[in-house]
Structure formats: structure tokens, C-alpha cells
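Chemist: Quick one: structure below, then a few questions.
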Amino acid sequence: GATLAGAIATRLVMAAAVKLDFVSRPKGERWSHRPVPMGGGVAIAAVLIAGLFACSYDLALAVSIVFLLGLIDDKRNLSPKIKLAVQMGAAALVVWGPLDPGPAPRLFADWTWLAIPVTGAWYVGMCNSVNLLDNMDGSAAGISAVAAGFVYALAVGGAVPAPELAFAATIAAGAALGFLVWNFPPAKVFMGDAGSLSLGFALAGLALRAPLNGSSPLTQLLVPAFVLGIPLFDTALVWVSRRAARRPFLQGGKDHTTHRLVALGLSPRRTVLVIYGVAAAMGGIGVALAHGGLRTGVLWVVAGGALAVLVGVFLGDVAVYQDAEGRALVPRSRHPAVLYGVELLVDAALLSGCWLGAYAVRFGGVQLPEGGPALPFYLSASAYPALPYVVGFKIAALLLFRLYRGFWRTIHFSDVLAVGKALLTATALIVLTATLLDRFANYSRGVIAIDWLLSFLAVVASRSFLRFLRDTMARLSGRQQKALLLGPEGLLPLLSKAVEDDGRLELLGALAP
């Protein structure tokens, strides 16, 4: 019903926008190259706000304020300071929560001095992140629909079902999908700031209301962050890229995630479908974390975070900036020091997650002989105290076996063997240190074995991931890279056959010196 209402409302707004000359015309920093009617945000907000009243009067009122701000900005181009001030006012309203019964949902609610500024920043940040994501046909609306779908899953699948939240999430998804009918590439209407700011603010509030009773404060932050992971990722990527290129963050540009995927050869339609899929994967991690808790979800969190960093490195390697003469600038992410630093940070996170995850696998659901869960006891008794030297030994062993190269264009069987040997060396040092310091008390041979296996898989996967992404983009784009073989005459036939059988390269020819 909401999808149909959104589609009909959008069609009516399209006709009115044309008559009123409320039309977006091409500009240098915009993706569209043709005039497109604006005002789709009016249709989105009309459906969205009506549904929000069933969940929260405060949130509905705040979204109404943000909608009016966006609508005025679409017509008059308000200054960033004015927009930020109004957004902060709307955030203050919903954080205060004067209209709804009971306390307003907040991040880190037990610490008021931290809860108010962090929750306010969450609303303002998500509001602008979805606004920034509205940079290509179908991107913001589709991602918003996916995020609303996962909020619905959290609402109906939580320990305490929240029917009002489920209804509001359904309406939000319907409003976005109804608009997407007309906005999927090539778009026939744009939502403008009126739509993107409204969706971002509403989703920020709905995600905070997911029933996570009894969860840790960190879980209550990570679950919404993963559900809305794509807008946050895109904002972080643009901020880091523009800072590295010494460009103003608020300056428009074609350097978003979607633009980089198109630069890699994907069509606009395939690009938005890819980011929908990634958004669904991140939302799935959020749901898994909500149901499993932080301890059992640590592997998901660490793996998801590491993959996000690696994808950011891969996309940051795409040349999207030009100098004054129109020549492509080499991204700073290609500098070896940057790549080595990222590789070390990713390894530290992955190896920490593997160590703690091994405890979760071994002791999750196990009870101590004297009663009580075993996992918290062993985490505090041995996992956390040993974590610094466990990660230190592993990274030192990987350095010793020369397994830090920055960007791994290929990984060979010899590299896989070297990873196994390095981690065996580190494991031996871990066992020796635990024995010398604690006589191996409260440690487990099962944990040691599981940790080695998880670490081996994580390191091999991280070294292979950038090459995997490059090959995947080549397949999705349908473009083949061209190759010219140069080598001994006797080997050329074998090499040529190997290239042709692989199918990822177009062989131009072969030359013998």
C-alpha cells in the first residue's frame, strides 16, 4: 500500500514540477546531463511522515522540520551553516523527546553527558550521509528501502517485538520504493534535499528504536551503523579522498562510491544493484549482531569492518580527480606507505577478532562446572590479557616471512604456505609465553587451534581480496583487459593457452626476444 501510494504521489508531483518549472538542470558537478523534474521528496515525505506518527510524534515532527529545510534549499540554495543549525535543532527535539511517552531512544543512554551529543551527531550525520548518497539515479532511494527493510526485521525479530516500529519501517520502505519506480536509472524525477534529508533523518531515528534490550552500548551503536552502513561508508570515503586531494569536503564532485564503480566500467543500473547487494550484506551483519550479541558477533563485526576498509582502499585507487589541465591525478592511496599502513591496521583488527572469536567458538554456550557461562570467565582470565602479545607475535611473524607488500596483485601457493608457517611460528611463541607467564592456566588447546585456523583464513583472504575485487569488477563490467606476452619462444604457446583459458584477458599477441 505504501509503495503504491508513494508511486502515485511521485507521479502527481512530477506533473506539478514540470508546470511550475521546478526542474534540475545539468551542472558540472552533477551526474545528470539532462533536465529532470524535482520535488520527488514531497511525495516521499508525505507518505513517510504519515507513517512515522504511528511510531513517534517527536520523530515525525523533526522529520517535518528537516523536510521543509530541504524543500527551501532545493529552491534557494541555503548556506551550509543555516542547514546545519536547523538540523541540529531537529536533532535536539528528537533527543529531548517532549511529545512521546517514556525516555527518548539514545546511544549510550546510561551516560547522559555522552548520550546527548553522540545521539545528536548520529541524527545530523545520517541525515547528511543519505543526502550525499543521493548522487546517482536510484542510489539513495534504493539504499533507504534496504535499510528500512532491515529495521523491520529487527522490529519483528527482536526479543520484544515492536509493532509500531515495524509499521513505520514498512511505510518508510514503501515511500522509498514508490519513488524508486520513477527514479531507477534513467531517472524521471529527483528527490532533492527534501527527500534525502527526510529519509536520512527518519532512518536514523527508526534504527535507534530497534529493540536491543539488554545489549551493550557498543552493540546498540554498531547495529544501526551496519544497517545504515552504505551511507556512512560513502561519506567516509569522500571525506578521506577529498582531504587527501586537498579539496573542500562540501564541494560537490563525481568522487562518490557510485561514480567510482561507473569509472571501473559498471553501468549506472548495475552500479546501484551492486550497492543494494552490499547494503543488504551489511544489514545482515547488523541483524546477526543484534541476535548474537557483541561477543558472538565479534567475527562478523571485525570481518565487516576489515572488508569495508579494503573496499575503501580499492575504490580510493580509482582516479576521479583532475588537475587544472584536465589530466587525471594519481590517488594518494597508491602510495606504498599508505597501503602498508592499511595492511597493518587490517591485520591487527582481523587477528584480534580471530583470537577473541576462537574463544567465542570454543566456549560460547558452555557452562562452568560451578555454574555460569564460561565465555565471560575465559575472556577476562586469558583472552584479553594475552591479546597484545598474541597480535604482536602474529604481525612480527608475518613481517619476518615478508608477507607485507601493500597491494597484492597476485597470491601464489608459496605465499599461502608462508602464511601458514608464519602463523605456526607465532602460535608456538604464544604457547611458550602463556606457559612462562601463567603456566598455561585458563588457556585452551582448542582455542589455540581454532585461532590458528581463523587467522590463516583471514590473512589469506585479506591478501586475496583486492585482486578478487579487481577481477569481479572486470567481470561485471564486461570489459576485458588487454595483454601482450613477452617471453622465451618455447614457453609462449603454453602461456598463450593459459591466458586464453583464463578468459579474463584479451590476448593481443606474443613476442619472443
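Note that the sequence shown covers residues 29 to 541 in our numbering.
We treat Cβ as the ideally placed atom computed from N, Cα and C, and that holds for glycine.
If you're wondering where the values come from, they're calculated on a predicted model, not measured in any experiment.
(1) Residues in its own chain within less than 6 Å of Leu249 by CB, not counting five upstream and five downstream?
(2) Taking DSSP's pairing of strands, which residues face Pro65 in a bridge?
(3) Using a 10 Å radius around the Cβ and a threshold of 16 neighbouring Cβ atoms, would you call Val188 buried or exposed?
(4) Who are the near neighbours of Asp101 in its chain, counting only those whose CB is closer than 7 Å to its CB and skipping five residues on each side?
(5) Only counting runs of 4 or more residues, tell me where the alpha helix (DSSP H) segments fall wholly within the region 137 to 205, in order along the chain.
(6) Can you find the residues in the same chain that come closer than 7 Å, C-beta to C-beta, to Ala71, ignoring five residues on each side of it along the sequence?
(7) With Ala168 and Tyr180 assumed to form a contact (beta carbons below 8 Å), what rounded beta-carbon distance in angstroms separates them?
(8) Drop a sphere of 10 angstroms on the beta-carbon of Gln115, count the other beta-carbons inside from all chains shown, and report buried for 16 or more, exposed for fewer.
(9) Near Cys382, what residues of its chain come up, given a Cβ to Cβ distance below 7 Å and the 5 sequence neighbours on each side ignored?
(10) Measuring CA to CA, which of Pro145, Ser224 and Leu335 is closest to Asn163?
(11) May I ask you to report which of helix, strand or coil DSSP gives Ala230?
(12) Quick check on Gln279: does DSSP put it in helix, strand or coil?
(13) Helix, strand or coil: how does DSSP classify Pro239 here?
(14) Taking Pro108 as part of the alpha helix (DSSP H), name the residues at either end of that continuous run.
(15) Can you give the Cα-Cα distance for Phe369 and Tyr432, rounded to whole angstroms?
(16) Would you tell me roughly how many angstroms separate the C-alpha atoms of Gly305 and Pro214, rounded to the nearest one?
(17) So the alpha helix (DSSP H) Ala402 belongs to, where does it begin and stop?
(18) Report buried or exposed for His440, applying the criterion of at least 16 other Cβ atoms within 10 angstroms of its Cβ.
(19) Tell me which residues share the same chain as Ile458 and place their Cβ nearer than 6 Å to its Cβ, disregarding the 5 neighbours each side in the sequence.
(20) Is there contact between the region 395 to 402 and the region 491 to 498, where contact requires at least three CB pairs shorter than 8 Å?
(21) In terms of residue numbering, what span does the alpha helix (DSSP H) encompassing Asp479 cover?
(22) To the nearest angstrom, how far is the alpha carbon of Pro126 from that of Arg473?
(23) Quick one: what's Gln248 bridged to in DSSP?
Modeler: According to the structure data:
(1) Looking up residue 249 in the sequence shown gives position 221. The answer, listed in chain order, is Leu135.
(2) In the sequence shown, the residue the question calls residue 65 occupies position 37. In the DSSP output, where bridge partners are listed per residue, Pro65 has Val51.
(3) For the purposes of this step, residue 188 is identified with residue 160 of the sequence shown, where counting begins at 1. Classification of Val188: exposed, given that the 10 Å Cβ count is below 16.
(4) Within the sequence shown, the letter at position 73 stands for residue 101. Contacts found: Lys111 and Asp221.
(5) 140 to 161 and 167 to 185
(6) Reading the sequence shown from its first residue, position 43 is the one you call residue 71. Cβ neighbours of Ala71 beyond the five flanking positions: Gly34, Ala37, Thr38, Val41 and Phe207.
(7) Here residue 168 refers to the residue found at position 140 when the sequence shown is read from its first residue. Here residue 180 refers to the residue found at position 152 when the sequence shown is read from its first residue. Not really, about 19 Å apart at Cβ, beyond 8 Å.
(8) In the sequence shown, the residue the question calls residue 115 occupies position 87. Buried: at least 16 other Cβ atoms inside 10 Å.
(9) Residue 382 sits at position 354 when you count from the first residue of the sequence shown. Asp479, Leu482, Ser483 and Ala486.
(10) Working through the sequence shown from its first residue, we reach residue 163 at position 135. Out of Pro145, Ser224 and Leu335, Ser224 has the C-alpha closest to the C-alpha of Asn163.
(11) In the sequence shown, residue 230 corresponds to position 202, counting from 1. Three-state result, Ala230: helix.
(12) Reading the sequence shown from its first residue, position 251 is the one you call residue 279. Three-state DSSP puts Gln279 in coil, outside helix and strand.
(13) As a position in the sequence shown, residue 239 is number 211, starting the count at 1. If DSSP states are grouped into helix, strand and coil, Pro239 belongs with coil.
(14) The sequence position of residue 108 within the sequence shown is 80, counting from 1. That run of the alpha helix (DSSP H) goes Pro108 to Trp124.
(15) Residue 369 sits at position 341 when you count from the first residue of the sequence shown. Residue 432 sits at position 404 when you count from the first residue of the sequence shown. The amino acid occupying residue 369 in the given sequence is Gly; Phe does not appear at that position. Each residue's Cα considered, the two are about 10 Å apart.
(16) Against the sequence shown, residue 305 aligns to sequence position 277. Against the sequence shown, residue 214 aligns to sequence position 186. Spanning the two alpha carbons is a distance of roughly 19 Å.
(17) As a first step, residue 402 must be located in the sequence shown, where it is residue number 374. Its alpha helix (DSSP H) spans residues Ala402 to Tyr406.
(18) Start at 1 with the first residue of the sequence shown, and residue 440 comes out as number 412. Classification for His440: exposed.
(19) Translated into the one-based positions of the sequence shown, residue 458 becomes position 430. Correct list, in chain order: Val418 and Phe421.
(20) no
(21) Translated into positions along the sequence shown, residue 479 becomes position 451. From DSSP, the alpha helix (DSSP H) with Asp479 extends over Arg473 to Ser505.
(22) Along the sequence shown, read from residue 1 onward, the residue named residue 126 stands at position 98. Along the sequence shown, read from residue 1 onward, the residue named residue 473 stands at position 445. About 55 Å.
(23) In the sequence shown, residue 248 corresponds to position 220, counting from 1. Gln248 pairs with nothing; no bridge assigned.
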